Amino acid sequence: MTETGDRGAFLANARARLGGGIHRNPVHVPPQATAVPPEVRFTALDRDDLVGSFVAMASGVDAVVARVRPDDVGQEVVGLARSYGVASVVRSAEADLDRVAIALVEAGLAVDPYDPAVGAAADLGLTGAVAGIAATGSLVLDASVAGSRAAGLLPPVHVCVLPEDRIVATPADVLHPLSVGPPSSLVLVGGPSRTGDVEQILTLGVHGPRHVHVVLVGPPA
Amino acid sequence: MEGTLRGRTAAAVADTELHGRVTAAVDRFVAKRTEGLAGLEDADGLRRAARAVKADVLARLPDLLEQFADRVLADGGHVCWAPTAADASRYVTDVAAAAGGRVVKSKSMAAEEIGLNDTLAAAGCEVVETDLGEWVIQLAGETPSHIIIPALHRDRHTIKDVLVAEAGADPAELEASPEAITRFARAALRPRFLDADVGVTGANFAVAETGSIVLVTNEGNGRLATSLPRVHVVVLGMERLVADWAQLDLMINLLARSASGQPLSSYTSITTGPRRPGEADGPDELHVVILDNGRSDLLAGEFHEMLGCIRCGACLNVCPVFRQTGGHAYGWVYSGPMGAVLTPLLAEGGGDLSDASTLCGACMDACPVQIPLQDLLLALRRDREKGVGGRAAWAAWATAWSSPRGYRTSTAAGRWGAGLSPLARRWSADRTPLQPVRRPFHTRWKAGDV
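Going down the list, the protein sequences come from chains A and B. Positions in the first sequence are counted from 1; adding 414 to them yields the working numbering. Positions in the second sequence are counted from 1; adding 945 to them yields the working numbering.
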């Protein structure tokens, strides 16, 4: 697309500044510059129990996690919708949400595919996730898979259906593969939207959802 | 910058309510940071590595910027190279006005630095800040008093007052509670997101390898501002690059835990190019404004490590001076130790900010990128003393006190005329006045009185 301003002059200026060598602090001597960082390791991560670590960390950021068998996912989500008095659901486009959508419709709820107007009016946003991160309790939302960004963001309740086998250990497991080409939008979500702007008292549900539920789908019985 | 440093700090220190709020907030953040870093194995090793990585990035910055820009363009984004604040503001304003002029903003220190909101408003654009604290201070006509909690200087009652005065809140209906205020903000700002033409954000990081922008937020306003409006504009400080995703992983883990103790913030949003076919939301246009505004001046010199700052706020929270005054005393958008260094380097004035330091080094020990802030503050002080008057005064003092006779003569003169000498007056202007004793120790020693 378009480029404005003078790239050549901008970079020539920066190169000229660097040309004479970089000052090295003689008091707090810096380490050798390196392009390759060490691996980040997490003290609370149990690599033999990624699901357990994920549940603990996600709960720690105020997401509510339920582990269910594949056949029970529909009823679990219907139950959540009923508990919040939900009438309308907006869903993102993943095919693996179809069974849940059918269960919701059969339970008398309106389920519509996402667009911004539908999302803004819905009581509950139903999405999948391409991964969960055990070390941080994060959901990973990919707009190229979900077909959208804000289905789980606009409504006050977000329900995310995540197969357990998509839980990876660390953020690096999600970030490193992006070298080959990220989607237009990838978001790591840690629980509900929050702020401490008023007297540093934690308040949930600012511009995003107040409630985040993760329905972890276990292996078939 | 309004007033003088002395005036602003005196006002801040006199405000005991403000002091209480600042102290409570920073103490909380310090505890959270400790907790957060305990979740990483060898956190200090990672901080050292982050310093080494940033050094590598800055040494290769021109090549990385080129790679980054090429990737953004290849993905269908627009790039603006902005050597000055005015270049950046003008470009953003042109884009915003052409798109319809209704702008929602996610918090951006770089945008504050260039006075973007004023330029947009002058061009007839409607700009609304969407981060709760930033919205409140925008309504109140104020500047942020802390990187992470911009409205730190206001409690629930003064926040309610602003909402009543400027946002149409009904004083009888709006309870002065965090919950009610948050609900009010959500309801007031949601329509602005839905109607906006342009979302303007900063960027916590930019990844050269793939031309990606990383935005770290908690409220959801950053995500809404980059999902709903047709145009997304990013104001990116040129130094905020990392080379690749491995480097980004290191930085993102350190940032969240250092700023607020969270393993990651609620939302880590990674944007690469505008929306793609088949996506139901996302911007049609993505513009990245690469901002210099004095940063390139710092690239190789004594202060270059300041460009490694990731704006976490950890240095503010541990600073014994910041906890007494909050951020407004610093007079510009950047406060605390990082502000005391960055302000005189990027802006006019602020040279005396390095005097507002005990040089305790706590900031350096808290910095996730191990910026040697103590050394940089000392260097700024040294540079200020380079004026002829300063050098002469220090030289005279050094000469006087280099011999016992010179010492006794000058201190005797000082006892008699302590209030009178220009040197003493200059010394005392910003310090507790010198109070020489009537009988010096060496006199008492000789007299056997000790």
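Cβ coordinates follow ideal geometry from the N, Cα and C atoms, glycine included. From a predicted model like this one, the values you see are computed outputs, not experimental measurements.
Measure from the alpha carbon of A/Arg438 to the alpha carbon of each residue in B/Ala1343, B/Gly1246, B/Ile1059, then state which is nearest.
Taking the first sequence and counting its residues from 1, one reaches residue 438 of chain A at position 24. Just measuring C-alpha positions, the residue of B/Ala1343, B/Gly1246, B/Ile1059 sitting nearest A/Arg438 is B/Gly1246.
Assign B/Arg1370 to one of two classes, buried (16 or more other C-beta atoms within 10 Å of its C-beta) or exposed (fewer than that).
Working through the second sequence from its first residue, we reach residue 1370 of chain B at position 425. Flag for B/Arg1370 reads exposed.
So, do the stretch 1001-1015 of chain B and the stretch 1209-1227 of chain B have three or more beta carbon pairs nearer to each other than 8 Å?
no
Where B/Leu1010 meets chain A, residues with beta-carbon distance less than 9 Å
For the purposes of this step, residue 1010 of chain B is identified with residue 65 of the second sequence, where counting begins at 1. Within chain A, the residues near B/Leu1010 are Arg421, Phe424, Leu425, Ala428.
Taking DSSP as the reference, what is the three-state secondary structure of B/Ser1397?
Within the shown structure, residues of chain B are numbered from 946 to 1395, placing residue 1397 of chain B beyond reach of any answer.
Can you give the Cα-Cα distance for B/Ala1133 and B/Arg993, rounded to whole angstroms?
Counted from its first residue, the second sequence places residue 1133 of chain B at position 188. Counted from its first residue, the second sequence places residue 993 of chain B at position 48. In a straight line, the C-alpha of B/Ala1133 is about 44 Å away from that of B/Arg993.
Separation of A/Val571 from B/Thr1029, as counted between CA atoms:
If you number the second sequence from 1, residue 1029 of chain B lands on position 84. If you number the first sequence from 1, residue 571 of chain A lands on position 157. Answer to the nearest angstrom: the Cα atoms are 43 Å apart.
With a cut-off of 8 Å, does the C-beta of A/Asp510 fall near any C-beta of chain B?
Numbered from its first residue, the first sequence carries residue 510 of chain A at position 96. Answer no: the Cβ-Cβ gap between A/Asp510 and chain B never drops below 8 Å.
Buried or exposed for B/Trp1190, please, with buried defined as at least 16 other CB atoms from any protein chain shown within 10 angstroms of its CB.
As a first step, residue 1190 of chain B must be located in the second sequence, where it is residue number 245. Buried is the call here.
Own chain residues within Cβ distance below 8 Å of A/Gly482, not counting five before or after:
Along the first sequence, one-based indexing puts residue 482 of chain A at 68. The question names Gly, yet the displayed sequence has Val at residue 482 of chain A. These residues qualify, in order along the chain: Glu490, Val629, Leu630, Val631, Gly632.
For chain B, find out if any of its Cβ atoms is closer than 8 Å to the Cβ of A/Arg461; answer yes or no.
The residue you call residue 461 of chain A lines up with position 47 of the first sequence. No, no contact with chain B.
Integer-rounded CB distance, given that A/Ala565 should sit under 8 Å from A/Val504
Here residue 504 of chain A refers to the residue found at position 90 when the first sequence is read from its first residue. Here residue 565 of chain A refers to the residue found at position 151 when the first sequence is read from its first residue. Yes, they are in contact, since the Cβ atoms of A/Val504 and A/Ala565 sit about 5 Å apart, within 8 Å.
Buried or exposed: A/Pro440, going by 16 or more other Cβ atoms within 10 Å of its Cβ?
Reading the first sequence from its first residue, position 26 is the one you call residue 440 of chain A. Under this definition A/Pro440 is an exposed residue.
Measure the Cβ-Cβ separation of B/Leu1200 and B/Ala1151 and say whether it is below 8 Å.
Translated into positions along the second sequence, residue 1200 of chain B becomes position 255. Translated into positions along the second sequence, residue 1151 of chain B becomes position 206. Taking 8 Å as the Cβ cut-off, B/Leu1200 and B/Ala1151 do not qualify as a contacting pair.
3-residue-minimum beta strand (DSSP E) runs that sit fully inside the stretch 1166-1228 of chain B, ordered along the chain
1176-1182, 1212-1216
Against B/His964, what residues of chain A qualify as contacts under a CB-to-CB distance less than 9 Å, listed in chain order?
As a working note, residue 964 of chain B is residue 19 in the second sequence. Going along chain A, no residue has its Cβ under 9 Å from B/His964, so there is no contact; the nearest lies around 15 Å.
Within 8 Å (strictly less), CB to CB, does B/Asn1166 reach chain E?
The structure shown contains no chain E; its protein chains are A and B.
Using the beta-carbon count (16 or more within 10 Å), is B/Phe1386 buried or exposed?
Position 441 of the second sequence, counted from the first residue, corresponds to residue 1386 of chain B. Burial is judged here by how many other beta carbons sit within 10 angstroms of a residue's own beta carbon; B/Phe1386 has fewer than 16 and is exposed.
Which same chain residues, not among the five before or five after A/Glu508, have their C-beta less than 7 Å away from its C-beta?
Translated into positions along the first sequence, residue 508 of chain A becomes position 94. Excluding residues within five positions, the ones whose Cβ falls inside 7 Å are Gly542, Val559, Ala560.
Is there a Cβ of chain A sitting closer than 8 Å to that of B/Ile1104, yes or no?
Position 159 of the second sequence holds residue 1104 of chain B. Output row for B/Ile1104: interface = yes.
Just to check my reading of the structure: B/Leu1231 and B/Val1286 have Cβ atoms closer than 8 Å, yes? What is that Cβ distance to the nearest angstrom?
Here residue 1231 of chain B refers to the residue found at position 286 when the second sequence is read from its first residue. Here residue 1286 of chain B refers to the residue found at position 341 when the second sequence is read from its first residue. With a beta-carbon spacing of about 32 Å, B/Leu1231 and B/Val1286 fall beyond the 8 Å limit used to define contacts.
Should the stretch 954-971 of chain B be regarded as contacting the stretch 1174-1183 of chain B, the criterion being three or more beta carbon pairs within less than 8 Å?
no
Please confirm if B/Ser1090 has its CB atom under 8 Å from at least one CB of chain A.
Residue numbering aside, residue 1090 of chain B sits at position 145 when the second sequence is read from its first letter. Closer than 8 Å: no.
By Cβ distance below 6 Å, which residues in the same chain neighbour B/Val1081 in space, the five residues on each side in sequence not counted?
The residue labelled residue 1081 of chain B in the question sits at position 136 within the second sequence. Closer than 6 Å at the Cβ level, and outside the excluded window around B/Val1081, lie Ala1096, Ile1104, Val1107.
Based on the DSSP output, what are the partners of B/Glu1230 in its beta bridges?
For this step, residue 1230 of chain B is matched to residue 285 along the second sequence. Looking at the DSSP assignment, B/Glu1230 forms a beta bridge with B/Val1176.
What is the C-beta distance between B/Arg1016 and B/Gly1239, in whole angstroms, given that I count them as a contact (C-beta under 8 Å)?
In the second sequence, residue 1016 of chain B corresponds to position 71, counting from 1. In the second sequence, residue 1239 of chain B corresponds to position 294, counting from 1. Wrong, their Cβ atoms sit about 26 Å apart, outside the cutoff.
For B/Cys1254 and B/Met1283, what's the separation of their Cα atoms in angstroms?
One-based indexing of the second sequence puts residue 1254 of chain B at position 309. One-based indexing of the second sequence puts residue 1283 of chain B at position 338. Each residue's alpha carbon lies about 8 Å from the other.
Give the single residue among B/Tyr1279, B/Leu1321, B/Val1314, B/Ile1316 whose Cα lies nearest to the Cα of B/Ser1299.
For this step, residue 1299 of chain B is matched to residue 354 along the second sequence. B/Ser1299 has its Cα closest to that of B/Leu1321, out of B/Tyr1279, B/Leu1321, B/Val1314, B/Ile1316.
Whose Cβ in chain A lies nearer than 9 Å to the Cβ of B/Val998?
Residue mapping note: residue 998 of chain B aligns to position 53 of the second sequence, counting from 1. The answer, in chain order, is Ala447, Thr448, Ala449, Val450, Pro451.
Alpha carbon of A/Ala428 to alpha carbon of B/Leu1236, nearest angstrom:
Looking up residue 428 of chain A in the first sequence gives position 14. Looking up residue 1236 of chain B in the second sequence gives position 291. Approximately 12 Å between the Cα atoms of the pair.
Can you check whether the C-beta of B/Arg1137 is within less than 8 Å of a C-beta belonging to chain A?
Against the second sequence, residue 1137 of chain B aligns to sequence position 192. Not one chain A Cβ lies under 8 Å of B/Arg1137.
Could you tell me which of A/Ser593, A/Arg563, A/Val469, A/Arg496 sits nearest to A/Leu576, measuring between CA atoms?
As a working mapping, residue 576 of chain A is identified with position 162 in the first sequence. For A/Leu576, the nearest C-alpha among the options comes from A/Val469.
Best match in A/Leu464, A/Gly622, A/Val532, A/Glu613 for proximity to A/Ala549 [C-alpha to C-alpha]
Within the first sequence, numbered from 1, the residue matching residue 549 of chain A stands at position 135. Ranking A/Leu464, A/Gly622, A/Val532, A/Glu613 by Cα distance to A/Ala549 puts A/Leu464 first.
Where the alpha helix (DSSP H) containing B/Asp1310 begins and where it ends
As a position in the second sequence, residue 1310 of chain B is number 365, starting the count at 1. Counting along the chain, the alpha helix (DSSP H) containing B/Asp1310 begins and ends at 1307-1311.
Less than 7 Å separating the Cβ of B/Glu1057 from some heavy atom of the ligand MG?
Questions concerning the ligand MG fall outside what the structure shown contains, since it holds no ligand whatsoever.
To the nearest angstrom, how far is the alpha carbon of A/Val573 from that of B/Gly1147?
Here residue 573 of chain A corresponds to residue number 159 of the first sequence, with the count starting at 1. Here residue 1147 of chain B corresponds to residue number 202 of the second sequence, with the count starting at 1. Here the alpha carbons of B/Gly1147 and A/Val573 stand approximately 29 Å from one another.
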